[in-house]
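Written below as structure tokens is the structure these notes are about.
Number of protein chains: 2
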Amino acid sequence: MAKKLVYSFGGGAADGTAEMKNLLGGKGANLAEMATLGIPVPAGFTITTEVCTLFYAGNRKYPPELAAQVRKAMARVEAVMGRKFGDPENPLLMSCRSGARRSMPGMMETVLNIGLTSATIPGLIRSTGNPRFVYDAYRRLIMMYSDVVMEKAAGIEPAGRDGIRLILEHEMDRMKRARGVVEDTHLTAEDLEELCGSFKAKVKEVLGAEFPDDAGAQLWGSIGAVFQSWMGKRAIAYRRIEGLPDDWGTAVNVQAMVFGNMGASSATGVAFTRNPATGEKLFYGEWLQNAQGEDVVAGLRTPSPINNATKTPGNEHLKSLEEAEPALYRQLDAIRTRLEKHYRDMQDIEFTIQEGVLWMLQTRTGKRNGTAAVRMAVEMHGERLIDLDEALMRVAPTQLNELLLPMIDPNAEKSAKVLAKGLPAGPGGATGKAVFTADDAEQWAARGEKVILVRAETSPEDVHGMHAAQAILTSKGGMTSHAALVARGWGKCCIVGCGELDIDARGKAMRVGGSVVREGEYITLNGSKGVVYLGRLDLLAVDPDHNEWYKKLMKLADKARRLGVRTNADRPEDARQAVAFGAEGIGLCRTEHMFFDPQRIKAVRQMIMAETAAERRAALAKVLPYQREDFIGIFKAMEGRPVTIRLLDPPLHEFVALTEDQARELAGELNTPVERIRARIAQLHELNPMLGHRGCRLGVAYPEITEMQARAIFEAAAELVRQKQKVAPEVMVPLVGTVGEFRHQERIIRGVAADVMREKSVRFKYLVGTMIEIPRATLVADQIAGDAEFFSFGTNDLTQTAFGYSRDDAGGFLPAYLEQGILSKDPFASLDEEGVGQLIELGIARGRSARPDLKVGICGEHGGDPDSIDFCHRAGMDYVSCSPFRVPLARLAAAQAAVRAAGKAVAKKSVKQSGKKPAGRRSGKKPAGKTAARTAAKKTKKPSKRR
Amino acid sequence: MAKKLVYSFGGGAADGTAEMKNLLGGKGANLAEMATLGIPVPAGFTITTEVCTLFYAGNRKYPPELAAQVRKAMARVEAVMGRKFGDPENPLLMSCRSGARRSMPGMMETVLNIGLTSATIPGLIRSTGNPRFVYDAYRRLIMMYSDVVMEKAAGIEPAGRDGIRLILEHEMDRMKRARGVVEDTHLTAEDLEELCGSFKAKVKEVLGAEFPDDAGAQLWGSIGAVFQSWMGKRAIAYRRIEGLPDDWGTAVNVQAMVFGNMGASSATGVAFTRNPATGEKLFYGEWLQNAQGEDVVAGLRTPSPINNATKTPGNEHLKSLEEAEPALYRQLDAIRTRLEKHYRDMQDIEFTIQEGVLWMLQTRTGKRNGTAAVRMAVEMHGERLIDLDEALMRVAPTQLNELLLPMIDPNAEKSAKVLAKGLPAGPGGATGKAVFTADDAEQWAARGEKVILVRAETSPEDVHGMHAAQAILTSKGGMTSHAALVARGWGKCCIVGCGELDIDARGKAMRVGGSVVREGEYITLNGSKGVVYLGRLDLLAVDPDHNEWYKKLMKLADKARRLGVRTNADRPEDARQAVAFGAEGIGLCRTEHMFFDPQRIKAVRQMIMAETAAERRAALAKVLPYQREDFIGIFKAMEGRPVTIRLLDPPLHEFVALTEDQARELAGELNTPVERIRARIAQLHELNPMLGHRGCRLGVAYPEITEMQARAIFEAAAELVRQKQKVAPEVMVPLVGTVGEFRHQERIIRGVAADVMREKSVRFKYLVGTMIEIPRATLVADQIAGDAEFFSFGTNDLTQTAFGYSRDDAGGFLPAYLEQGILSKDPFASLDEEGVGQLIELGIARGRSARPDLKVGICGEHGGDPDSIDFCHRAGMDYVSCSPFRVPLARLAAAQAAVRAAGKAVAKKSVKQSGKKPAGRRSGKKPAGKTAARTAAKKTKKPSKRR
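Take a look at the structure:
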């Protein structure tokens, strides 16, 4: 039997299911599922994503068996719908849409009304009795098809002229002017018939080809255009941003047309089963009478609310579907409930009412912002719709950032000048300089400006500017417009449909009331309320603890996770902020920032210029009291939680990057010739400072520095003990590559600790451990762990040395590597499991072989990256450490890691017992991979969670 | 039973054996062995090295049981020798000498004539009938003891005054002046008795302590002084240079005195069982009538030849021992033969004749220079004294350097002015500026000057200067003098006993004949002939193929080794030289040196300044013909042997380090503003160039460079094929860390190869492989080997990244690391097996898992280091590659690695079979270690040797 390339659906049955997203795409799989559920879906068929892959692999040719399968599927559609494609008497019109595994809104092409030809138009007019509708459908087909199929897919560059679509729009405008009408709807059937004629002539003239007058030709042209659009510029750019692979391919959904624009008893709408911006459990959507679905999504007309409960001041004057068509609304609301129960998640649905009959065109899991995701997860768990694990997995850890997003200072907001109000499409506050094109947004942002992108409406071509902007403001469109969808996906502040704004993109200004805002002037957005203010208002960090759902979710996460979560903090205020966010300790307290303080830097420089250990000691003695005070502050802020303090790390030349004047001044202070200062600076210069005299290499060469720092730490600890406060210092030796280095430093540290305890007559506990950030350290981790009480993986430097990349210089080639797919992600942002991960696993295994209770954490920037946190869990670490604002994210990511690992363990067990391959428990973000499997396989003991 | 701390020997029996060197030291073990063999040895005992270790561990106290064991051993000596220590009637005198595992000539202390006191002197005078001898012995004891025990071991710093030894020498000079005599021997018994009195008074005056008048006190004082001298400055410095560990400790040999200075029928001498400078199988030595051993070694008197066969023009007027004492000579010669057969190696022996009786004082394996080592190994193998494996192990690979040492151009030598003739103590030629103190030698060498150290005689205090000098020239001393021994150990050019020279160290000049040579003037030494020339003569590389023993040894080595040996060469002349030395291919041909050629650098800079790929291609097209010619030359020189060519590696900024003028000139050439040049240079600047945009990262960013280089290589290959010559190019992609990088470059290279074959209508074979020099590459080596046909480990960069050390900047801390023992050796000189070695083993194992026939080599500088070559063998590599002059060394080291591995395999097998621990087959240079064991254990397949 030939491979099945086409899956049919409709008439209460379907070949596919919702599980088959990889093969049928999200849209196709869900259409099949809805059909099987008995929900009214126009019949159709899905050409699989495999065909897309074969199409690109096979030099843009289809597999030979495709045509026959399409013919057969079309016959089924005809049977269900009672019409025939290309039939002169009772013609069936089809739509042709893309559908990838994951939604890529607006990034690929669609053709509607396929099948209208000189042969079928008369029959359709007869069967509908509506010639105006038919010619309107035909002119839409010509516009879409000539643009999408005949120009774009054919690869015709409209160099030196407008695109065909714009040319045809000008034709239509010309006719409207000639007829003296403003709205499209005022053109008559005859007008439209004439327009179709001139459209076809224009197409021939501009593109040099006849508009196809054959239903089959139109269908295959459209199918081809959709497949082509998978490799279109916009789609590729979107996948780059979202990190989606090129080899997924798209499916093509060919479906019978239903029309929301067949008069007053027709309509179209989109809705969410819950509010995607707040998470509130209310049916939430928009509809437009006598319109096609595209009209709602494009945001050209302001749509009406779907029900009364969700009316807003901006649309309460419009009739809701509930009011206009109560029976249909009830039918839709029942389908909504059914779908949510069936899919156990919030759905984003599209529907069309054709002459009083409801058709569902799409259902998919709805995008939501972080606030909504948190609330839905917690509430659905409360409703027993989903279990605890699933609730935890429902919120992407990065979405929590939105709850921690800055908000406008309420006091500033009270007295600020309101420019306009719109729809609150993306929560949070943002302030920035107004820019009016996506290119400007990108360019201004590239030079460090914070900008807000202001557009009448956005299109997929604007995505780069939307990404670069702090926030997005549009004058048109609703909550489901392009701008709203994209902003929500990114958790970006966004206000849409702000109709009062008169935006002049060419003049780079907007008028509102009597005001003019020009490019570069500050505006401020309250994306949670939908209010635009003139000027620059202060932003405040929110306190997520006012959000009850957030608090519940975090409580659930804390219960589920095994990994501890610490923070990287150098100052008491950061430490306090992190504790408020749930940090259980400090994983990395850098001490060099303290050296740069203006009060201290002189003594530090004196130390560097010293020629003897005695001189160095004298200079360091001046730094000691300051460092001690720093540590007292941090210990107090952490209230007895462990504090890992890293000894001095950067090369000394970083402290003596002096101007000529500063060098002279220093020479004066030290009463030494400036030549000596210059000579010492020259001597400290390094060709590769990253690989130079830094880390513990400083402490070995200048043990006095280690002595002073250890003394400051332990004197601070002693002070707290005397004040009857708890303290848990962990002294971390940086950049260790040999056990000898560690022992050298450890001896000094323990010696000072004993001295301080004796001098101050107190006792305190402390640990001495090391940062593992050099490949060699992972290889001799067993030796090092013989002495070190903890390891903290410094994955920034470990990534630099494992790859041989300088983070400062990688800008020269890393973008090309990501662009060309040589690296799938920036290894400095997300941990390279394949390489660096192996070193970490090796280091942990060897370290624990020598010291089974070795405490292991991570303190590189990866400690705040969800994928990396998942790896840390699998690798058996005890904790991760990240910046204060990432702590909530890390808590959730840690919980998800535990859930994922447990799921895998269950799957593994069931394989062992049944001998079968495990079914994916849920569609995880990525395959488990070799590393995970290896880890899981060899892990015998799970270290308990330490705090 | 208490632990045995003291081992007796003498009277035809001994507690110890020659195998017990670690416990008894070399001297003690061999004295025991000789005693057991029935060779006449003065009785004595050895205090073990363990006592030394316990002494330092126990705060410089002896284990309590030591005293009793010494007492018991002394009683045995007394019984054998028929005299009693401290006995007034028939007193026994003892010597006290150091003896470490390995000889450390002159680095530790000795005390002779112990036991002379006011109580024993009369008895000894009575028993010898020779008061002059007794008082001479006494004054020697006082001089030695006060210096070694009372001053040095007591830690008394002679600040502001001369040392006690010099003070006593002045006393003696004063007496000689007073008596009007020149030679010591002209002082009478009475003179010496008086001198002893004034010596003791002086000792009291200067050191504030009485000279001990008790035999036991003298003995224990001497034992302590020898132990103390293990941690003396000189001994520590020597161990640093030789790489010996501090924890070995020294044994102390306490032995009955015999006297070579008891008149005309007494004598002392040192000899080698074969000539240590040439290897010739002739008994070779020196003797002095009526002298103590120290007199020969110190080189104060020019000694006589031991036999007639080895007389030289310089000493043929002196009577040989063979002539003077034929019977004793025959006895000695028989002992010589016996010892060589017993030890199966050339022995360095010391003997004393006391009143016509021969006593052997020492035998040990004699040091030899490279030339001698090679000849002895080959000849002893021919004599069936040693087997093939042992013959191969007998030559330290670095000793081969001496055979490759430069020699003076014979033509220049003919017409050069001979300054003086001396003894040829170290072969080879050397030219340099004369310096007259060790400190000057070190300082001049540190600033890059080549110097020759000229001294009347050298002492252990001069070692640092001897090390820094190109060669050593002395006016005093024989072939066994300090200078000769040390120079021989290092394979350094050396002439000794050049009596014509009048050396004025203070005035920094020497007079000879009518000439004066002042500091900084050039002299040239022929160390093989012993001739000193005025001025700077040209040196020529020797052709080792004129040395038949070298040729035989290399033939044996080539048969024994499994590892191939290639060379690192960038130019045809280097390639030819390497082939002459036995290179089997080029393991690393760098292409960047070719870029710096003045003819090409302009085009290279133009390429760097280009703004488009087309401009870059145009500039590269100008470089192409040059590169092609380079490769044609190298391919021809290698005559079909494989040539591994590395693509461009350094960051581009290395090519545009321009002065302001050069920048202007370049701007003119390119017809572009100089600001653009400056901007591009600034853009290329990197903070850590070692980790920056280099290696294949260049080829990925600028594929045009790879294209051009591949084309140059393949067009050169095509040219040779057309000329019917063989060619085997191996294109090497540098700095690969991900398989994606390799694939990217491989695609280009293979594409160009196919193009060139088509264009030129020829076919040739080639390989594409990569340099493994980034830790990550070793971790994903299985992926990379899926595509790469060979790996070449670039251990320079791999060491940099594995340690996180920049070779350019490590000078800031590496010396301290070596000094403090944090690293036992410089990882850039000798491969760090513990860390970097693990990465290599991992890389090979994973690489071969994906491609079992993966060709693996090394091309870092470690490829010429014997220890590292041993590792490469154990790690299963196919070849090593090193600089041309290291090729013979590598061939021998590879053979030794094979011998060692086979030995271990045998030992391993016998363990398996017998369950016993293997006895060391020979005392290998170091323990097998974890890595070796692991490798051996898991290696299942030995890749065959490929060429």
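Going line by line, the protein sequences match chains V and Z. FYI, the working numbering numbers position 154 of the first sequence as 156, with every residue one higher than the one before it. FYI, the working numbering numbers position 249 of the second sequence as 251, with every residue one higher than the one before it. The beta-carbon is built from N, C-alpha and C at its ideal position, and this holds for glycine as well.
Where residue i falls: helix, strand or coil (DSSP)
i              : result
residue 232(Z) : coil
residue 115(V) : strand
residue 98(Z)  : strand
residue 158(V) : coil
residue 362(V) : strand
residue 813(Z) : helix
residue 807(Z) : coil
residue 391(V) : helix
Extent of the continuous alpha helix (DSSP H) run through residue i
i              : result
residue 789(Z) : 783-789
residue 412(Z) : 412-417
residue 555(Z) : 550-562
residue 776(V) : Premise fails: residue 776(V) is in no alpha helix (DSSP H) and is neither H nor E.
residue 327(V) : From DSSP, residue 327(V) is part of no alpha helix (DSSP H); its letter is neither H nor E.
residue 55(Z)  : 51-59
Candidates the options, of which the one nearest residue i by Cα
i              : options                           : result
residue 609(Z) : 625(Z), 769(Z), 631(Z) and 106(Z) : 625(Z)
residue 49(Z)  : 9(Z), 39(Z) and 38(Z)             : 9(Z)
residue 205(Z) : 445(Z), 148(Z), 32(Z) and 181(Z)  : 148(Z)
residue 960(Z) : 728(Z), 750(Z) and 722(Z)         : Coverage of chain Z is limited to positions 3 through 949, which leaves residue 960(Z) absent and any answer about it impossible.
residue 463(Z) : 90(Z), 109(Z) and 721(Z)          : 109(Z)
Span of the beta strand (DSSP E), counted from its first residue to its last, around residue i
i              : result
residue 350(V) : 349-356
residue 528(Z) : 524-528
residue 794(Z) : 792-795
residue 428(V) : 425-428
residue 257(Z) : 252-258
residue 857(V) : 857-860
residue 433(V) : 431-437
Residue(s) in a DSSP beta bridge with residue i
i              : result
residue 732(V) : 646(V) and 769(V)
residue 570(Z) : 590(Z)
residue 289(Z) : 271(Z) and 306(Z)
residue 883(Z) : 568(Z)
Chain-order list of residues whose beta-carbon lies under 6 Å from that of residue i (same chain, five-residue window excluded)
i             : result
residue 41(V) : 337 and 362
Neighbourhood of residue i by C-beta distance below 8 Å, restricted to the same chain and skipping five residues each side
i              : result
residue 86(Z)  : 80, 92, 93 and 94
residue 530(V) : 409, 426, 429, 430 and 431
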